[in-house]
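Visitor:
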Amino acid sequence: MRLRRRAGTMDALLRQPDIYIPEPREYKGRWHEFFGNSNPLHVELGMGKGRFISNMSGHYPDCNFIGIDMKEELLMQASDKARSIWAEKAQMEPPNLALALFNIEYVLDLFGAGEVSRIYLNFSDPWPKRRHARRRLTHPEFLAKYTHILRSDGEIHLKTDGEHFFEFSLNSFIEAGFDLRNVSLSLHREGAHPEHVMTEYEMKFHERGQNIYRCEAVPRN
Ligand SMILES: C[S@@+](CC[C@H](N)C(=O)[O-])C[C@H]1O[C@@H](n2cnc3c(N)ncnc32)[C@H](O)[C@@H]1O
Numbered sequence: 371m372r373l374r375r376r377a378g379t380m381d382a383l384l385r386q387p388d389i390y391i392p393e394p395r396e397y398k399g400r401w402h403e404f405f406g407n408s409n410p411l412h413v414e415l416g417m418g419k420g421r422f423i424s425n426m427s428g429h430y431p432d433c434n435f436i437g438i439d440m441k442e443e444l445l446m447q448a449s450d451k452a453r454s455i456w457a458e459k460a461q462m463e464p465p466n467l468a469l470a471l472f473n474i475e476y477v478l479d480l481f482g483a484g485e486v487s488r489i490y491l492n493f494s495d496p497w498p499k500r501r502h503a504r505r506r507l508t509h510p511e512f513l514a515k516y517t518h519i520l521r522s523d524g525e526i527h528l529k530t531d532g533e534h535f536f537e538f539s540l541n542s543f544i545e546a547g548f549d550l551r552n553v554s555l556s557l558h559r560e561g562a563h564p565e566h567v568m569t570e571y572e573m574k575f576h577e578r579g580q581n582i583y584r585c586e587a588v589p590r591n
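Numbered per the working numbering, the sequence shown spans residues 371 to 591.
1) Quick one: is the Cβ of aspartate 531 within less than 6 angstroms of any heavy atom of ligand 1?
2) State the beta-bridge partners of lysine 529 as determined by DSSP.
3) According to the Cβ coordinates, are threonine 508 and serine 542 closer than 7 angstroms?
4) Output the distance between the C-alpha atoms of arginine 421 and lysine 451, rounded to the nearest integer angstrom.
5) Would you check whether ligand 1 has a heavy atom nearer than 6 angstroms to the C-beta of tyrosine 397?
6) I'd like the list of long-range same chain contacts for proline 592, defined as Cβ closer than 6 angstroms, with 5 residues on each side in sequence excluded.
7) I need the DSSP call for serine 339, collapsed to helix, strand or coil.
8) Can you list, in chain order, the residues of its chain with a C-beta nearer than 7 angstroms to that of leucine 555? Leave out the 5 residues immediately preceding and following it.
9) Using 8 angstroms as the Cβ pair cut-off and three pairs as the minimum, do the segment 570-590 and the segment 522-532 touch?
10) I'd like the list of long-range same chain contacts for glutamine 386, defined as Cβ closer than 8 angstroms, with 5 residues on each side in sequence excluded.
11) Would you check whether ligand 1 has a heavy atom nearer than 6 angstroms to the C-beta of lysine 441?
12) Nearest by alpha-carbon distance to alanine 382: which of Asn425, Glu443 and Ser427 is it?
13) Kindly examine ligand 1 and report whether one of its heavy atoms sits closer than 6 angstroms to the Cβ of phenylalanine 535.
14) Assign histidine 412 to buried or exposed, taking buried as 16 or more other Cβ atoms, counted over all protein chains shown, within 10 Å of its Cβ.
15) Can you find a heavy atom of ligand 1 that lies under 6 angstroms from the Cβ of glutamate 570?
Rendered as structure tokens:
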């Protein structure tokens, strides 16, 4: 995703301690303290502009959400979006959403063992070249990290437009000890759930008539 860098973005984020977490490692294993409750923790890895995670936080107030990306401009956009969603409910501070500027490679520094109930991987970069396969967020090396932070009854929900990336991911899930559920080869043609929240990328691809693949992966116990 190409973005124009804007001066002052980090300062603007730092003025929002209710939603932007400058030192997210400090909450490893104790995110419940940040949110002030023990509701299930749902994390989107690579949230982009945050349409999905901010809408989810509005739809599901009984879950806590963390959006992670490595571009501060995207965090700013996600924060604005979340505030406008919660303002419609007459609440100025989204109570169940945190945003972290963080490289997913180091996700083990962010969450303790079994701390996360659900991981969302939405339209992750497909890294189509074979020599870049280890950068794919569903490479078995990443999945081993997710297995560590997920609860034993946790889930990974994946959506993508990339057929090859989807096939690679299904194989990786199986190899890394996950079972697959609700595999869809054409999400929108099969009639998405009415409460289904679309991501920015999903809206773009859907409008172009492109196919969307989806699956859920659960650790094999
Ligand atoms: C293709 S975009 C998808 C955005 C969003 N999930 C959607 O569906 O609209 C992928 C996002 O993942 C982020 N990303 C990729 N690798 C990352 C990493 N290692 N750590 C943090 N964010 C990453 C990128 O910055 C980008 O915003």
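Ideal Cβ placement from N, Cα and C applies to all residues, glycine included.
Guide: Considering the structure as presented:
1) Start at 1 with the first residue of the sequence shown, and residue 531 comes out as number 161. Aspartate 531: no, Cβ never under 6 angstroms from ligand 1.
2) Locating residue 529 in the sequence shown gives position 159, where the first residue counts as 1. DSSP, once it has assigned bridges, lists Asn492 and Arg584 as partnering lysine 529.
3) Taking the first residue of the sequence shown as position 1, residue 508 is located at position 138. Taking the first residue of the sequence shown as position 1, residue 542 is located at position 172. Against a cut-off of 7 angstroms, the Cβ pair of serine 542 and threonine 508 comes out as a contact.
4) For the purposes of this step, residue 421 is taken as residue 51 along the sequence shown, with counting starting at 1. For the purposes of this step, residue 451 is taken as residue 81 along the sequence shown, with counting starting at 1. Distance between the alpha carbons of arginine 421 and lysine 451: 7 angstroms.
5) Counting from 1 along the sequence shown, the entry for residue 397 is found at position 27. For tyrosine 397, the Cβ stays outside the 6 angstroms cut-off from all heavy atoms of ligand 1.
6) Only positions 371 to 591 of the chain appear in the structure, and residue 592 is not among them; the question remains open.
7) Here the chain covers residues 371 to 591 and nothing more, so residue 339 does not appear.
8) Indexing the sequence shown from 1 puts residue 555 at position 185. Answer for leucine 555: Tyr583, listed in chain order.
9) In this structure the segment 570-590 lies against the segment 522-532, because at least three pairs of beta carbons, one per stretch, are closer than 8 angstroms.
10) Position 16 of the sequence shown, counted from the first residue, corresponds to residue 386. Answer for glutamine 386: Ser449, listed in chain order.
11) Position 71 of the sequence shown, counted from the first residue, corresponds to residue 441. Checking every heavy atom of ligand 1 against the Cβ of lysine 441, one is found closer than 6 angstroms.
12) Your numbering for residue 382 matches position 12 in the sequence shown. Of the candidates Asn425, Glu443 and Ser427, the one whose C-alpha sits nearest the C-alpha of alanine 382 is Glu443.
13) By one-based count along the sequence shown, residue 535 stands at place 165. For ligand 1, not one heavy atom lies less than 6 angstroms from the Cβ of phenylalanine 535.
14) As a working mapping, residue 412 is identified with position 42 in the sequence shown. Histidine 412 comes out buried.
15) Taking the sequence shown and counting its residues from 1, the one referred to as residue 570 is at position 200. Taking 6 angstroms as the cut-off, one finds at least one heavy atom of ligand 1 near enough to the beta carbon of glutamate 570.
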